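Following my numbering, the numbering of the sequence shown begins with 6 at its first residue and continues without gaps.
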Amino acid sequence: MDTANFELLKKELAPFGARLIAVSKTKPAEDIQKLYDAGQRIFGENKVQEMCDKQAELPKDIQWHLIGHLQTNKVKYIAPFVAMVHSVDSMKLLAEIDKQAAKHGRVIDCLLQIYIAREDTKFGLNAMEALELLGTDEFAAMKNIRICGLMGMATNTDNEQQIGEEFRSLKLFFDNLKVAAFKDKDYFREISMGMSSDYKIALAQGATMIRVGSMLFGAR
Ligand SMILES: *Cc1c(COP(=O)(O)O)cnc(C)c1O
6 MDTANFELLK
16 KELAPFGARL
26 IAVSKTKPAE
36 DIQKLYDAGQ
46 RIFGENKVQE
56 MCDKQAELPK
66 DIQWHLIGHL
76 QTNKVKYIAP
86 FVAMVHSVDS
96 MKLLAEIDKQ
106 AAKHGRVIDC
116 LLQIYIARED
126 TKFGLNAMEA
136 LELLGTDEFA
146 AMKNIRICGL
156 MGMATNTDNE
166 QQIGEEFRSL
176 KLFFDNLKVA
186 AFKDKDYFRE
196 ISMGMSSDYK
206 IALAQGATMI
216 RVGSMLFGAR
């Protein structure tokens, strides 16, 4: 692993004020330590067990972001330390995060994963489902989670115009939700979109967090 791309990404992010989530899934702790030593503090993982193992081994001021699909029965393992869950895609999952966070006296920051791609994927809420969730009494009663924004993944395609449109739709939905449900909530401010192949398009469309793996750590 070479930190040249890390320095490059930092320069590219600066004008946008966006943050880098270094996606370290499948990569060894040594690689993470190297990027940590270069100054990176936010790392993204998509598997609970792997994130727990790395969290135990690596510096305690790392902020661990869960970016992959999260099963309800695994929330308890990450609840003590996870900094943000990007992949909330059901009320059942959100309720479990709230419950486990309460056990640890924490408030866990979450993003709603919104389905924006034109391809079949199993995960994510559509706009109506997200609005519905946010309108329930059950959501209003949750004290140990905070919805800080939205996450989305574009279609896996070379068509940059299509990717741009998909990211733009996430930004538009974010803007509408901000007004409809989070008007005076300063913490509702994150749009997590863009990976190694499309982060430049995401930044142009308003990403506040990009999730970059292979460009930093090499192919998996
Ligand atoms: C793996 C992954 C990424 C990073 O992908 P790269 O192409 O390696 O940059 C971003 N987001 C999610 C949800 C992922 O699973």
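By construction, the Cβ of each residue, glycine as well, lies at the ideal position given by its N, Cα and C atoms. Source: prediction; values computed, not measured.
Can you tell me which of the three DSSP states V184 falls into? Helix.
Pairs of beta-carbons, one from the segment 75-86 and one from the segment 114-121, closer than 8 Å: are there three or more? Touching, no, given that fewer than three Cβ pairs across the two stretches are closer than 8 Å.
Are at least three pairs of beta-carbons, each pair with one atom in the segment 155-166 and one in the segment 139-146, less than 8 Å apart? Judged by Cβ distances under 8 Å, the segment 155-166 makes no contact with the segment 139-146, as fewer than three pairs qualify.
8 Å contact criterion, which H91 and L71 should meet: CB distance rounded: 7 Å between Cβ atoms; contact.
Using a 10 Å radius around the Cβ and a threshold of 16 neighbouring Cβ atoms, would you call G22 buried or exposed? Exposed: under 16 other Cβ atoms inside 10 Å.
Close Cβ partners of I67 (< 8 Å) along its chain, the five nearest in sequence each way excluded: If the five residues before and after I67 are omitted, its C-beta is found closer than 8 Å to the C-beta atoms of I37, Y41, R46, I47, F48 and Q60, all from its own chain and listed in chain order.
Comparing C-alpha positions only, which one of N164, G199 and L138 sits nearest to M156? Closest by C-alpha distance to M156, out of N164, G199 and L138, is G199.
Is any non-hydrogen atom of ligand 1 found closer than 8 Å to the C-beta of V217, if you look at the structure I gave you? Within the chosen limit of 8 Å, ligand 1 reaches the beta carbon of V217 through at least one heavy atom.
Suppose you measure from the CA of A207 to the CA of R111; what does that come to, to the nearest Å? Distance between the alpha carbons of A207 and R111 is about 31 Å.
For K176 and I152, which I take to be in contact (beta-carbon distance under 8 Å), what is that distance rounded to the nearest angstrom? The pair is not a contact, with the Cβ atoms about 16 Å apart (cut-off 8 Å).
Determine contact between the segment 82-89 and the segment 101-108, defined as no fewer than three beta-carbon pairs at a distance below 8 Å. Touching, yes.
From the DSSP secondary-structure annotation, give me the bridge partner or partners of I206. None; I206 has no bridge partner.
Within the same chain, show all residues whose beta-carbon is closer than 8 Å to that of C57, passing over the 5 residues directly before and after it, in chain order. Cβ-Cβ distances below 8 Å link C57 to Y82 and I83 in the same chain, with the five nearest sequence neighbours on each side left out; the list follows chain order.
Ligand 1 heavy atom lying under 8 Å from the CB of M220: Yes, the Cβ of M220 comes within 8 Å of a heavy atom of ligand 1.
Out of N10, K15, K188 and E124, which has the shortest C-alpha to C-alpha gap to R24? Answer by Cα proximity: K15.
With distances taken between CB atoms, is the gap from F172 to S29 smaller than 9 Å? No, the Cβ-Cβ distance between F172 and S29 is not below 9 Å.
Using a Cβ-Cβ cut-off of 8 Å (strictly less than) and excluding sequence neighbours within five positions of Q167, which residues of its own chain qualify? Contacts found: R123, A159 and T160.
For D203, count neighbouring C-beta atoms within 10 Å of its own C-beta (all shown protein chains included) and say buried if the count is 16 or more, exposed if not. Counting Cβ neighbours within 10 Å, D203 comes out buried, since at least 16 surround it.
Might you give, ordered along the chain, the residues of its own chain that have their beta carbon closer than 8 Å to the beta carbon of R194, omitting 5 neighbours on each side? Counting only Cβ-Cβ distances below 8 Å, and skipping sequence neighbours, we find C153, G154 and T213.
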